[in-house]
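Q: Structure in C-alpha cells, see below.
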Amino acid sequence: MGEVPNIGSPLHLRGTPVIPAQGAPTLGQHTEAVLKEFGYSDAALAELSSQGAFGRLATKDND
283 MGEVPNIGSP LHLRGTPVIP AQGAPTLGQH TEAVLKEFGY SDAALAELSS
333 QGAFGRLATK DND
C-alpha cells in the first residue's frame, strides 16, 4: 500500500512519546491471533477457515 504523508499533531506533551499514525487494521487481520488467544488450535482454525467462517489473508508469500 505504501506510505501516505500525514500532518502531525501540533500538541507535544513532555514525557509522552510521539507515535507515528497508522491505518486501521484490515478486515480479519487479527482474527487468527485473537482466536489463538482464546485457545483455538491450528487444526480448529483450519477447519473454521475451510467452512468459510473467515478467509486466509493475502500476504506477499501467498498472493
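So in the numbering used here, the last one in the sequence shown is 345, and the numbering has no gaps at all. Note that CB positions come from ideal geometry on N, CA and C, so glycine has one too.
(1) Taking the beta carbon of GLY305 as the centre, do at least 16 other beta carbons fall within 10 Å, making it buried, or is it exposed?
(2) In terms of alpha-carbon separation, which member of PRO299, HIS294, ALA303 and PHE336 lies closest to GLU285?
(3) Under three-state DSSP, which class holds SER323?
(4) Quick check: the Cα distance between GLY290 and ALA335, rounded to an integer number of angstroms?
A: By the coordinates alone:
(1) Within the sequence shown, residue 305 is the residue found at index 23, counting from 1. Sixteen is the threshold: since fewer than 16 other Cβ atoms of the shown chains lie within 10 Å of the Cβ of GLY305, the residue is exposed.
(2) On the sequence shown, residue 285 is found 3 positions in, with the first residue counted as 1. Scanning PRO299, HIS294, ALA303 and PHE336 for the CA closest to the CA of GLU285 turns up ALA303.
(3) As a working note, residue 323 is residue 41 in the sequence shown. Coil.
(4) Walking along the sequence shown from the start, residue 290 turns up at place 8. Walking along the sequence shown from the start, residue 335 turns up at place 53. Looking at the backbone, the Cα of GLY290 and that of ALA335 are separated by about 39 Å.
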